[in-house]
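Student:
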Amino acid sequence: GRPEVVEYFLSTGNCNPLAKDNEGRTPLQLAKEREYDRDTVVAIFKKFGDIKISHPIDSYVNVLLVGNPGAGKSTLSHVINDTATGSIALGSFRNVGGVVPCTAGIIPYKIQHRTLGNIILHDFAGHSEYYSSHSAVIENLLQGSGGMFLIVVNILEKEAVKQLHQWLTVVRNEAQKTLNQCHVIVIVSHVDEISDPVERRRRKEEIQEIIVKE
185 GRPEVVEYFL
195 STGNCNPLAK
205 DNEGRTPLQL
215 AKEREYDRDT
225 VVAIFKKFGD
235 IKISHPIDSY
245 VNVLLVGNPG
255 AGKSTLSHVI
265 NDTATGSIAL
275 GSFRNVGGVV
285 PCTAGIIPYK
295 IQHRTLGNII
305 LHDFAGHSEY
315 YSSHSAVIEN
325 LLQGSGGMFL
335 IVVNILEKEA
345 VKQLHQWLTV
355 VRNEAQKTLN
365 QCHVIVIVSH
375 VDEISDPVER
385 RRRKEEIQEI
395 IVKE
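Structure, rendered in structure tokens:
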């Protein structure tokens, strides 16, 4: 396949770059026999192979970070990365072409964290043009293992409740496709920017109400 496709499948964590076929050959060895894009594909397999060697523990949990633009996903992602004992960005796919389903707008990080344990954090862009591709990628990530969804909602948004309902619906639909259990955590951001305690409590109660209903 094309280099972009090879990198996409390796980034999911479900493909072992160190696996061997019946003749004992690794993907890296096979990549060296390619006619086209040999150097690019070899470099991709070497990068992910090095990650596999340096992080041999396979018990990583997929954590899917979703929410609307400006909700605070990137901020949360940076906090998790900055407090990790080890963190490797598996690659940014915001401008990758030629991959169907397209993985544009997803940044995966493989993280070893003292509190959270071993996770692969998938930071999903919140822009609507990525939604169709997100569904296909989420379905692929949840195959064979459960996962955890972190839904980030900006409480300052006028339609915060509507946005939360939409994302809870997306998560429920995706979770129903997998046989494994999925956990959901709702994170409400920008609460400290509401100075009026009555208004802050009202908005919190609206969020809590939709969570209970769902």
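For the sequence shown, this note's numbering assigns the number 185 to the initial residue and increments by one for each residue that follows. Idealized CB from N, CA, C, for every residue including glycine. In this text, all values refer to a predicted model and were calculated from it rather than measured experimentally.
By Cβ distance, which residues of its chain are closer than 7 Å to Ala-255, with the 5 residues on each side in sequence left out?
Tutor: For the purposes of this step, residue 255 is taken as residue 71 along the sequence shown, with counting starting at 1. These residues qualify, in order along the chain: Gly-310, Val-336, Val-337, Asn-338 and Ser-373.
Student: Go ahead and pull the three-state DSSP assignment for Gly-254.
Tutor: Taking the first residue of the sequence shown as 1, we reach residue 254 at position 70. Coil.
Student: For Gly-331, name the three-state secondary structure that DSSP assigns.
Tutor: To locate residue 331, count along the sequence shown from 1; it is residue 147. Residue state, collapsed to three classes: strand.
Student: Consult DSSP for Lys-204 and reduce its assignment to one of helix, strand or coil.
Tutor: Here residue 204 refers to the residue found at position 20 when the sequence shown is read from its first residue. DSSP places Lys-204 in coil when its eight states are reduced to three.
Student: What are the boundary residues of the beta strand (DSSP E) that Tyr-220 is part of?
Tutor: Counting from one through the sequence shown, the residue named residue 220 turns up at place 36. Segment: none, Tyr-220 is in no beta strand (DSSP E) and carries neither H nor E.
Student: In chain order, what residues of the same chain lie with their CB nearer than 6 Å to the CB of Gly-330, ignoring the 5 residues before and after it?
Tutor: The residue you call residue 330 lines up with position 146 of the sequence shown. Asn-364, Gln-365 and Cys-366, listed in sequence order.
Student: For Leu-212 and Val-226, what's the separation of their Cα atoms in angstroms?
Tutor: In the sequence shown, counting from the first residue as 1, residue 212 sits at position 28. In the sequence shown, counting from the first residue as 1, residue 226 sits at position 42. Cα to Cα, Leu-212 sits roughly 6 Å from Val-226.
Student: When the Cα atoms are used, what is the spatial distance from Lys-204 to Gly-233?
Tutor: What you label residue 204 is simply residue 20 of the sequence shown in a count that begins at 1. What you label residue 233 is simply residue 49 of the sequence shown in a count that begins at 1. So the two alpha carbons sit approximately 12 Å from each other.
Student: Which term fits Ala-215, buried or exposed, when burial requires 16 or more other beta carbons within 10 angstroms of its beta carbon?
Tutor: To locate residue 215, count along the sequence shown from 1; it is residue 31. Buried: at least 16 other Cβ atoms inside 10 Å.
Student: Hey, Phe-333 and Val-250 are a contact pair by Cβ (cut 8 Å); roughly how many whole angstroms apart?
Tutor: Start at 1 with the first residue of the sequence shown, and residue 333 comes out as number 149. Start at 1 with the first residue of the sequence shown, and residue 250 comes out as number 66. With a Cβ gap of about 6 Å, Phe-333 and Val-250 count as contacting.
Student: Within 10 angstroms of its Cβ, does Asp-223 collect 16 or more other Cβ (buried), or is it exposed?
Tutor: Walking along the sequence shown from the start, residue 223 turns up at place 39. Exposed, because fewer than 16 other Cβ atoms sit within 10 Å of the Cβ of Asp-223.
Student: Quick check: the Cα distance between Asp-307 and Ser-379, rounded to an integer number of angstroms?
Tutor: Residue numbering aside, residue 307 sits at position 123 when the sequence shown is read from its first letter. Residue numbering aside, residue 379 sits at position 195 when the sequence shown is read from its first letter. When rounded, the distance between both Cα atoms is 30 Å.
Student: For Glu-390, which residues in the same chain have their Cβ closer than 8 Å to its Cβ, ignoring the five residues on either side in sequence?
Tutor: By one-based count along the sequence shown, residue 390 stands at place 206. Correct list, in chain order: Ala-344 and Val-345.
Student: For a test of the three-state rule: what should DSSP assign to Asp-380, helix, strand or coil?
Tutor: Reading the sequence shown from its first residue, position 196 is the one you call residue 380. In this structure, Asp-380 counts as coil in the three-state DSSP scheme.
Student: Which class does Tyr-244 belong to by DSSP, given the choice of helix, strand or coil?
Tutor: The sequence position of residue 244 within the sequence shown is 60, counting from 1. Of the three classes helix, strand and coil, the one that applies to Tyr-244 here is coil, per DSSP.
Student: Kindly indicate the opening and closing residues of the alpha helix (DSSP H) around His-297.
Tutor: On the sequence shown, position 113 is the one that residue 297 refers to. Note, His-297: premise wrong, no alpha helix (DSSP H); beta strand (DSSP E) at 290 to 297.
Student: Given a cut-off of 7 Å, decide if Val-368 and Val-354 are closer than it, judged by their beta-carbon atoms.
Tutor: Along the sequence shown, read from residue 1 onward, the residue named residue 354 stands at position 170. Along the sequence shown, read from residue 1 onward, the residue named residue 368 stands at position 184. Their beta carbons are not under 7 Å apart, which means Val-354 does not touch Val-368 by this criterion.
Student: Along the chain, where does the alpha helix (DSSP H) that runs through His-306 open and close?
Tutor: Counted from its first residue, the sequence shown places residue 306 at position 122. First-last for His-306: 301 to 308, but that is the beta strand (DSSP E), not the alpha helix (DSSP H).
Student: Taking its Cβ as the centre, do 16 or more other Cβ atoms sit within 10 Å of Leu-202, making it buried, or is it exposed?
Tutor: Locating residue 202 in the sequence shown gives position 18, where the first residue counts as 1. Counting Cβ neighbours within 10 Å, Leu-202 comes out exposed, since fewer than 16 surround it.
Student: So is Asn-246 buried or exposed if we call it buried at 16+ other beta carbons inside 10 Å?
Tutor: Numbered from 1 along the sequence shown, position 62 holds the residue referred to as residue 246. Buried, because 16 or more other Cβ atoms sit within 10 Å of the Cβ of Asn-246.
Student: Taking the alpha-carbon positions, what's the Pro-187 to Ile-322 distance?
Tutor: As a first step, residue 187 must be located in the sequence shown, where it is residue number 3. As a first step, residue 322 must be located in the sequence shown, where it is residue number 138. For Pro-187 and Ile-322, the distance between alpha carbons rounds to 21 Å.
Student: For Val-375 and Leu-340, what's the separation of their Cα atoms in angstroms?
Tutor: Stepping through the sequence shown from its first residue, residue 375 is reached at position 191. Stepping through the sequence shown from its first residue, residue 340 is reached at position 156. Each residue's alpha carbon lies about 8 Å from the other.
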